[in-house]
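The listed protein sequences derive, respectively, from chains S and Z. Everything in the first sequence is counted per numbering that gives the first Met the number 0, starting at 0 for the first residue and increasing by one. Everything in the second sequence is counted per numbering that gives the first Met the number 0, starting at 0 for the first residue and increasing by one. Ideal placement from N, C-alpha and C gives every residue a C-beta, glycine not left out. Here the structure is a predicted model, which means the values were calculated and not measured. Shown next, in structure tokens, is the structure this report addresses.
Number of protein chains: 2
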Amino acid sequence: MFYRPLRTILVGFVFLCAAASAFAQTQASLVAARRSLMPVPANVNWREGRLPVGKNFSFRFVGQTDERTRQYASRVMRRLEGRTLFEFVREASTSPNPTLLIETATTGTAIPKLGDDESYTLDIGSTQIKLTAPNSVGAMRGLETLLQLLEGDANGFYFPAVSISDKPRFQWRGLMIDSARHFQPVEVIKRTLDGMASVKLNVLHWHLTEDQGFRVETKKFPELHLQGSDGLFYTQAEIRDIIRYAADRGIRVMPEFDMPGHATAWLVSHPEIGSAPGPYTIERRPGIFDPTLDPTNEKTYKLLEPFFAEMAALFPDAYMHIGGDENEGKQWNANANIQAFMKKNGIKDNHELQTYFNKRILKFLQKNNKIMMGWDEIFQPDLPKDVVIHSWRGQKALADAAKQGFQGVLSNGYYIDLSFPASQHYVVDPLPADTTLSAEEQKRVLGGEATMWAEWVSPETIDSRVWPRTAAIAERLWSSREVNDIDDMYRRLDVVSIRLEELGLAHIRNQKMLLRRLTMGKDTTALEVLVTLIEPVKEYKRYQVRPQTMLSPLTGLIDAAQPDAPSARKFNRTVERLLAGGNRAELLGGLRSMVEGWQTHENQLAEVIANSPALAEARQLPDDLRALNRIALEAIFSLTNGSSRTADWRTARIAELDAIAKPKAAVEFAHIAGIRKLVDSAAGVRAQ
Amino acid sequence: MFYRPLRTILVGFVFLCAAASAFAQTQASLVAARRSLMPVPANVNWREGRLPVGKNFSFRFVGQTDERTRQYASRVMRRLEGRTLFEFVREASTSPNPTLLIETATTGTAIPKLGDDESYTLDIGSTQIKLTAPNSVGAMRGLETLLQLLEGDANGFYFPAVSISDKPRFQWRGLMIDSARHFQPVEVIKRTLDGMASVKLNVLHWHLTEDQGFRVETKKFPELHLQGSDGLFYTQAEIRDIIRYAADRGIRVMPEFDMPGHATAWLVSHPEIGSAPGPYTIERRPGIFDPTLDPTNEKTYKLLEPFFAEMAALFPDAYMHIGGDENEGKQWNANANIQAFMKKNGIKDNHELQTYFNKRILKFLQKNNKIMMGWDEIFQPDLPKDVVIHSWRGQKALADAAKQGFQGVLSNGYYIDLSFPASQHYVVDPLPADTTLSAEEQKRVLGGEATMWAEWVSPETIDSRVWPRTAAIAERLWSSREVNDIDDMYRRLDVVSIRLEELGLAHIRNQKMLLRRLTMGKDTTALEVLVTLIEPVKEYKRYQVRPQTMLSPLTGLIDAAQPDAPSARKFNRTVERLLAGGNRAELLGGLRSMVEGWQTHENQLAEVIANSPALAEARQLPDDLRALNRIALEAIFSLTNGSSRTADWRTARIAELDAIAKPKAAVEFAHIAGIRKLVDSAAGVRAQ
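What follows is the structure, encoded as structure tokens:
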């Protein structure tokens with residue numbers, strides 16, 4: 000059935016059998032070795048036995064402790080109660096033999112800072128658990144590991160006996176939340192912080208100003224937030240509350256005030272510091288815009304100096320992010336005064352002008368004891384060496400900076416707004432195995448940050464854009480480089496995802512809510528099947544195929560669709576296993592029953608979409624799914640019967656698949672990749 | 000097949016046919032007449048035609064308007080956008096021909112008050128909508144009606160042409176939230192207020208002090224909230240924020256400070272005003288407790304006078320609720336000083352002593368221009384006539400008070416914490432058709448309040464205890480007494496329920512989240528079927544069969560279970576129609592396919608429950624469901640074949656059903672009622 004020389008087939012077959020067998024072995028040992036831990040700890044030694052969890056579960060602190068750790072432990076106990084239904088003793092007991100003994104040598108600093116020791120050891124025996132940490136933050140990390148270890152079976156809940164000693168690979172493990180393009184209420188930020196703590200992330204990078212909004216209250220220049228935010232901003236009291244909330248979870252909060260570009264919202268109330276006369280209004284579109292602060296105008300610095308002083312007092316973190324990205328300099332080129340200034344001062348291009356601006360800002364930060372961070376664009380060899388380069392460009396840019404003595408944080412590869420699968424982010428390593436950096440230089444690569452750019456997220460959908468995929472990035476930044484098995488990552492991610500819900504995150508539950516609104520009360524069963532197969536279009540295609548503004552409703556099918564569509568992922572993975580020489584009968588049978596399951600919903604899907612005007616943009620999808628089901632089954636039947644399909648058949652089917660692959664309603668069927676491989680295989684063409 | 004004299008059968012048959020036919024007609028006409036409106040307006044005249052909704056939908060105000068109405072209209076537009084996916088023009092347009100013209104004669108008072116005119120008229124033609132109201136609150140009510148009128152089909156979204164003129168039947172339409180037994184965060188209160196506004200409720204009765212918690216910040220006596228709340232209280236800033244939020248939705252906020260009983264939390268910091276020496280700790284159990292304020296001690300009034308002055312300034316509403324319920328007087332009886340005081344002052348019993356206390360409190364309220372409200376127990380003929388009696392005892396107590404000149408509000412029958420179905424609350428009328436009150440006396444019956452007592456609700460579950468059932472109560476209080484068709488209520492309630500989700504309410508989506516936590520990631524399909532059949536035990540049985548405290552986790556199967564289990568309701572209703580002479584073949588076929596559907600999940604249900612320790616208390620349920628399915632099918636087959644079952648068979652099956660009806664895990668199968676009727680019918684026994 001394969002049009003290939005026999006030798007190739009045989010070699011391939013032997014190789015694939017070995018690969019499949021190795022796969023099965025690896026999977027079994029990983030399940031045993033990693034259970035539901037994410038991120039995987041540095042050292043784990045499983046032992047025989049278990050510690051049963053019953054209503055007498057108690058805990059006690061030894062050594063130095065502080066209120067935030069006591070509160071943290073108390074919340075952990077509440078989560079354990081929520082899962083087990085037990086009501087434990089309420090306060091840290093004074094019993095000499097508590098179930099859980101938490102020993103912290105010192106409390107550490109109340110406000111976490113870069114480089115804090117986050118290590119801990121966790122020993123679970125058959126009657127007692129001992130958690131030891133050098134400080135409060137380490138204890139918090141260990142408590143989250145403990146929660147992930149809870150298991151249950153017909154005999155009850157238990158912790159498996161184990162010795163863990165753990166510490167992070169990278170010290171900067173962040174999540175950037177863009178609260179500017181779409182404002183996110185305080186409760187969204189808080190539940191996000193809870194999710195971060197549960198997977199051991201330690202930096203909230205808070206993107207607070209943009210063309211589309213100025214989201215921080217300033218007492219010195221209230222016109223900035225009043226005129227630049229539609230009334231949607233964080234008061235300073237709320238910001239202090241969030242900083243405390245984050246600190247109580249061992250998370251730093253670093254604000255970003257993006258400049259000199261991405262600055263339209265500043266100019267609504269202060270057009271005089273713009274590089275063109277204005278007037279300016281809050282930007283409603285997505286994209287890169289011209290309004291830019293005027294670096295040649297002293298008024299700019301007269302505003303920024305006290306502004307940074309105010310923000311430096313508000314945000315206790317040592318780092319302050321000034322953005323610096325995507326300044327295309329159009330307003331600078333068009334402004335005669337700016338051009339004259341450049342000539343007079345020997346500034347030869349816009350990059351140098353931005354550097355001039357950055358150095359002025361740097362002084363304001365230094366005066367307030369803050370360290371500057373900015374995107375790749377701010378990089379200049381003569382900046383002070385403590386400046387941190389935040390790289391959207393990639394590992395090479397990061398490595399280049401490290402070689403010149405600069406610290407850096409990677410975000411290229413972690414753009415979770417682009418709807419790529421978790422697996423794609425998971426393989427991105429800030430320090431790849433083939434790095435050419437010396438040990439000293441490697442230390443300058445501080446870690447990474449997932450970036451939640453917020454063009455297309457509302458409080459209803461942001462959780463599903465951040466979670467669960469960010470947990471996979473969190474693992475990349477905490478765990479060893481060798482923790483990289485994608486199947487095992489997904490296995491654990493499914494468990495983590497459900498556990499994230501106990502923190503109030505709505506990434507799972509809001510999907511069906513969105514479907515119910517789309518149909519206004521019609522039966523959503525078929526749509527629920529559909530959304531296990533479709534994903535939002537990737538990268539920046541959304542706006543291209545379905546233009547919207549920051550004011551548009553984010554309640555469409557694309558907003559209900561989520562990256563890593565589960566049935567599509569399962570289908571594609573099964574196809575891969577089939578083509579890698581797995582058990583043909585079993586795998587083909589599995590594929591067939593998946594497709595036949597989808598077929599049973601074809602008619603209801605067509606009906607509900609036809610009669611729901613909010614789904615008008617999706618009217619082609621039922622026919623597309625019908626065709627996909629048909630094509631998949633044709634291929635599966637051929638492969639099952641061993642009857643090869645013709646090249647013409649293949650050509651026709653690939654053409655159909657190409658047409659279906661064109662996005663409709665800004666979503667795409669994520670299992671087309673697998674179906675293509677089946678079609679190729681059925682026609683005897685080796686899969687790519 | 001029926002062991003009854005032929006004449007009875009024939010008479011019954013004729014009657015039932017007539018009833019069934021009338022039923023079908025009524026249903027059809029109600030669907031046409033009421034669409035998805037809830038509460039049903041006072042006058043509705045449908046016309047031919049429709050007004051299509053497209054992206055050019057615009058609105059404009061005429062007459063006097065205020066910021067809160069503009070904001071309200073803006074939120075309504077956002078909800079309309081969320082449903083339709085259109086991005087409308089952003090601001091109230093100045094176009095002479097907007098789609099929606101909102102005409103308000105005056106703005107009305109910024110803080111709503113009892114007796115506000117809430118009427119409006121709504122005229123929808125084929126090109127324009129005109130909403131007219133005497134003030135802002137009327138406009139808000141009309142806007143909610145408009146949102147309920149949105150429909151959609153294959154041709155798009157539209158509003159049907161209609162003329163509505165509407166006003167409420169009762170002026171007091173409340174929801175009591177008990178924030179004391181389980182504290183509810185500000186966002187829960189806010190989304191509850193949004194839900195209330197959407198079904199035209201206008202009073203939030205806020206139960207703020209209890210044995211189990213003192214939830215309001217007081218600046219004068221901070222020890223009250225600091226020692227009485229575990230740190231879970233509302234700051235005055237939060238309270239002012241909630242009052243403003245409610246006022247912006249035309250909702251009054253009336254606080255309740257329950258006294259002299261239900262007062263343990265006061266006594267934690269002020270044992271000296273208790274009727275027994277103390278010390279006192281925050282109560283953790285549910286129930287009625289002894290701690291009571293000492294009405295004979297001047298210290299009590301020294302604290303209460305400034306306390307009420309502070310609260311009167313904080314809460315702008317004219318009414319203040321002092322509780323007064325369930326004071327059993329045990330501490331009074333046991334206190335020699337109190338007994339001596341009573342003797343000295345000629346107070347002959349505890350009821351008179353409480354009246355003495357109430358009159359002292361009344362003076363404090365009057366001094367601050369507040370009108371007193373309290374539960375039945377406060378009633379005394381010589382109270383001022385503006386005092387409002389809040390009746391948990393029932394319509395008769397309310398009518399008796401009205402006859403003596405007192406105003407009253409009904410809550411008996413509206414205890415939504417007791418897990419009764421919506422239908423049961425729906426038929427409770429504050430002024431039943433057979434009332435003996437004169438027209439003048441009837442005016443004194445101001446309305447009613449649903450009461451959400453919070454022994455067993457968390458922020459995760461409170462929405463499902465309040466919604467959607469409270470919408471049915473809201474209709475009872477707004478709509479005419481003749482709007483009382485239960486099937487039509489449930490038809491509309493299903494739509495309302497889904498629309499409540501757009502306000503952030505989580506009554507639907509949190510159910511499966513709770514199931515996922517219970518199984519820690521196992522397949523929940525079978526459990527999802529189970530929860531369509533089971534309901535929490537009713538009334539006060541929960542604590543009896545499954546004792547818990549205020550500190551226990553509320554994450555069990557009972558917390559996932561909801562009143563009005565939908566499949567059980569459908570099953571029971573189908574049985575009723577069958578026994579009322581409906582189409583036998585169709586109805587029996589429907590019943591059979593329901594039961595056979597449940598059977599397909601029997602094995603998975605048994606497996607998931609056996610292996611999920613959090614479901615250990617539910618281990619009997621799979622066998623129970625298996626037995627119910629078997630018994631139901633036996634009966635259905637007999638009825639289908641026309642072969643009657645024996646009396647012995649019936650006796651055995653009823654015994655099985657009785658055993659199954661005993662609650663396990665504090666839940667009960669809600670379709671046992673229907674199965675009993677089928678068993679009776681199959682054995683030729685006339686259904687009760």
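Show which residues of chain Z have a CB atom less than 9 Å away from the CB atom of residue i.
i: N610/S; result: G151, D152, A153
i: E222/S; result: Chain Z residues near E222/S: none, gap ~20 Å exceeds 9 Å.
At the level of alpha carbons, what is the spacing between residue i and residue j?
i: T208/S; j: D679/S; result: 50 Å
i: G412/Z; j: V427/Z; result: 6 Å
i: A613/S; j: L513/S; result: 11 Å
i: D657/S; j: D558/S; result: 24 Å
i: A104/Z; j: L502/Z; result: 29 Å
i: A438/Z; j: P380/Z; result: 21 Å
i: V187/Z; j: E500/Z; result: 13 Å
i: A72/S; j: F56/S; result: 13 Å
i: P278/S; j: V267/S; result: 7 Å
i: Y539/Z; j: L417/Z; result: 7 Å
i: G81/S; j: T64/Z; result: 48 Å
i: I250/S; j: K166/Z; result: 53 Å
For a contact meaning CB atoms closer than 7 Å, what does residue i contact in chain Z?
i: V494/S; result: G520
i: S511/S; result: Sequence inspection shows Lys at residue 511/S; the Ser mentioned does not correspond to that position. The answer, in chain order, is R508.
Go ahead and label residue i buried or exposed: buried means 16 or more other beta carbons lie within 10 angstroms of its beta carbon, across all protein chains shown.
i: T523/S; result: buried
i: P383/S; result: exposed
i: G323/Z; result: buried
i: N134/Z; result: buried
i: K689/Z; result: Absent from the model: residue 689/Z. The displayed extent of chain Z is 0 to 687, so no value can be given.
i: R480/Z; result: exposed
i: K301/Z; result: exposed
i: G581/Z; result: buried
i: S287/S; result: The displayed chain sequence assigns Ile, not Ser, to residue 287/S. By the 10 Å Cβ count, I287/S comes out exposed.
For residue i, which residues in chain S fall below 7 Å Cβ to Cβ?
i: T156/Z; result: At residue 156/Z the sequence reads Phe, which differs from the Thr that was named. Neighbours of F156/Z on chain S, chain order: P612.
i: T554/Z; result: G81, L84
i: E186/Z; result: E186
If I'm right that residue i touches residue j with Cβ under 8 Å, what's the distance once you round it to whole angstroms?
i: Q211/Z; j: P458/Z; result: Actually they do not touch by this definition, with Cβ atoms about 16 Å apart.
i: L604/Z; j: L624/Z; result: 7 Å
i: R46/Z; j: A138/Z; result: That pair is no contact at about 22 Å.
i: P315/S; j: T291/S; result: With 8 Å as the limit, P315/S and T291/S do not qualify as a contact, their Cβ atoms being about 30 Å apart.
i: P535/S; j: A665/S; result: 7 Å
i: L586/Z; j: R576/Z; result: 6 Å
Which residues in chain S have a C-beta closer than 8 Å to the C-beta of residue i? List them in chain order.
i: I497/Z; result: R515, R516, M519, G520
i: L550/Z; result: E86, R89
Residues of chain Z with CB under 8 Å from residue i, in chain order?
i: E501/S; result: R516
Report yes or no: do three or more beta-carbon pairs, one from the region 506 to 519 of chain S and one from the region 230 to 249 of chain S, lie closer than 8 Å? The region 230 to 249 of chain S and the region 506 to 519 of chain S do not touch, with fewer than three beta-carbon pairs separated by less than 8 Å.
Taking one C-beta from the region 326 to 341 of chain S and one from the region 288 to 297 of chain S each time, how about it: are there three or more such pairs within less than 8 Å? Contact holds: three or more Cβ-Cβ distances are below 8 Å.
If contact is defined by three or more beta carbon pairs under 8 Å, each pair taking one atom from either stretch, is the region 144 to 151 of chain S in contact with the region 174 to 191 of chain S? In short, these stretches do not touch, since the Cβ pair count stays below three.
When you compare the region 542 to 556 of chain Z with the region 393 to 410 of chain Z, are there three or more beta-carbon pairs, one atom per stretch, that lie closer than 8 Å? The answer is no - the region 393 to 410 of chain Z does not touch the region 542 to 556 of chain Z, with fewer than three Cβ pairs under 8 Å.
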